[in-house]
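Following: one structure in structure tokens, then a few remarks.
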Amino acid sequence: MSITALHYIYDPLCGWCYGAAPLAKAAREVMPVIGHGGGMMTGANRKQVSPALRNYVMPHDRRIEELSGQPFGDAYFNGLLLDETAVFDSAPPIAAILAAEEIAGRGLDLLSRLQTAHYVDGKRIADADVLRVLAVESGLDGDAFAQAYARIAGEELQQHIAASRRLLAQVGGHGFPAFVLEQDGRFELLDTGRWLGEPDAWRAHLAAYTHR
Numbered sequence: 001m002s003i004t005a006l007h008y009i010y011d012p013l014c015g016w017c018y019g020a021a022p023l024a025k026a027a028r029e030v031m032p033v034i035g036h037g038g039g040m041m042t043g044a045n046r047k048q049v050s051p052a053l054r055n056y057v058m059p060h061d062r063r064i065e066e067l068s069g070q071p072f073g074d075a076y077f078n079g080l081l082l083d084e085t086a087v088f089d090s091a092p093p094i095a096a097i098l099a100a101e102e103i104a105g106r107g108l109d110l111l112s113r114l115q116t117a118h119y120v121d122g123k124r125i126a127d128a129d130v131l132r133v134l135a136v137e138s139g140l141d142g143d144a145f146a147q148a149y150a151r152i153a154g155e156e157l158q159q160h161i162a163a164s165r166r167l168l169a170q171v172g173g174h175g176f177p178a179f180v181l182e183q184d185g186r187f188e189l190l191d192t193g194r195w196l197g198e199p200d201a202w203r204a205h206l207a208a209y210t211h212r
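Heads up: the sequence shown begins at 1 in this note's numbering, then just goes up one per residue.
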């Protein structure tokens with residue numbers, strides 16, 4: 001019998017990934033899901049919060065909310081997006097997710113918590129201190145998390161992001177989120193857009209693959 005897994009190429013600061021969070025959750029109820037952080041806002045692509053950034057992301061976020069049913073909080077729209085001292089940087093939250101996966105196998109759990117912290121609670125998830133608090137609130141050991149995070153945040157993180165981007169290119173993906181089904185060593189990029197806001201139908205769709 002073939003082993004079926006779903007590769008989830010995401011970014012913690014990608015609004016469409018937040019919109020797809022219920023799909024990632026539903027998929028995990030059906031088959032193993034392996035996370036790959038894409039590093040959308042890293043290096044030269046880090047973004048300081050500004051009126052231009054706010055005006056760019058808000059219409060997209062409203063559209064995501066409409067299509068997915070995922071809530072966006074006032075603390076995000078009228079708090080974080082007005083805080084011009086904040087920086088959007090995908091690298092620290094991806095390092096945190098990798099640390100959570102390493103110490104407890106709970107990387108995707110922490111991703112979900114970080115998405116809510118960002119888009120609902122308006123937290124600065126590029127801040128190492130905020131990440132540690134959220135990790136502990138999620139039930140992770142604070143010291144073990146901090147040690148893993150500090151070690152991963154350098155070369156290992158860059159290698160992970162590079163590998164995630166290679167996988168995305170390999171399957172013909174062009175952005176985040178990307179859900180890639182692996183069966184018998186074959187990779188198939190799934191069209192996720194049609195399932196936004198429909199996690200039960202998506203779950204049933206994926207379950208059919210496990211019974212083939």
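Heads up, the beta-carbon is just placed ideally off N, CA and C, and yes, glycines get one too.
No experiment lies behind these values; they were computed from the predicted model shown.
A contact between stretches requires three or more CB pairs, one per stretch, nearer than 8 Å, and the segment 98-110 fails this requirement with the segment 58-76. Residue pairing for T4: DSSP places it in a beta bridge opposite Q183.
By the Cβ rule, the segment 36-53 does not count as touching the segment 198-210, because fewer than three pairs are nearer than 8 Å. Ranked by how close their Cα comes to the Cα of Y149, the residues S138, V120, H205, R132 have R132 in first place.
For V87, the pairing in a beta bridge is given by DSSP as Q48. Comparing C-alpha distances from A146 to each of R54, A75, A100 shows the shortest one belongs to A100.
Annotation for G69: no alpha helix (DSSP H) segment contains it, and DSSP assigns it neither H nor E. As the crow flies, the alpha-carbon of R166 is around 23 Å from that of A21. Proximity to H60 across E188, G15, H174, R151 peaks at G15, based on C-alpha coordinates. Non-local beta-carbon contacts of R28 in its own chain, meaning distances under 8 Å to residues more than five positions away in sequence, involve L108 in chain order. Rounded to the nearest whole angstrom, the CA to CA distance from P12 to A162 is 16 Å. T85 counts as exposed, since fewer than 16 other beta carbons sit within 10 angstroms of its beta carbon.
Within the same chain, Cβ atoms closer than 7 Å to the Cβ of G79 are found at G122, the five residues on either side in sequence being excluded. In this structure, DSSP gives I161 a helical state, which the three-state scheme calls helix. Bounds of the beta strand (DSSP E) holding H36 are 33-37. In summary, R124 is buried, with 16 or more beta-carbon neighbours lying within 10 Å of its beta-carbon over all protein chains present. Closest by C-alpha distance to Y56, out of L82, P32, Q170, is L82.
Between L110 and A128, the CB-CB gap reaches or exceeds 8 Å. The residues V171, G172, G173, A178, V180, in chain order, have a CB closer than 7 Å to that of L189 in the same chain once the five nearest residues on each side in sequence are set aside. Within the model, the alpha-carbon separation for I152 versus A95 is close to 6 Å. When only Cα atoms are considered, P199 and L6 end up about 15 Å apart. Comparing C-alpha distances from A204 to each of G19, Y18, K25, Y8 shows the shortest one belongs to K25. Here DSSP, grouped into helix, strand and coil, assigns L13 to coil.
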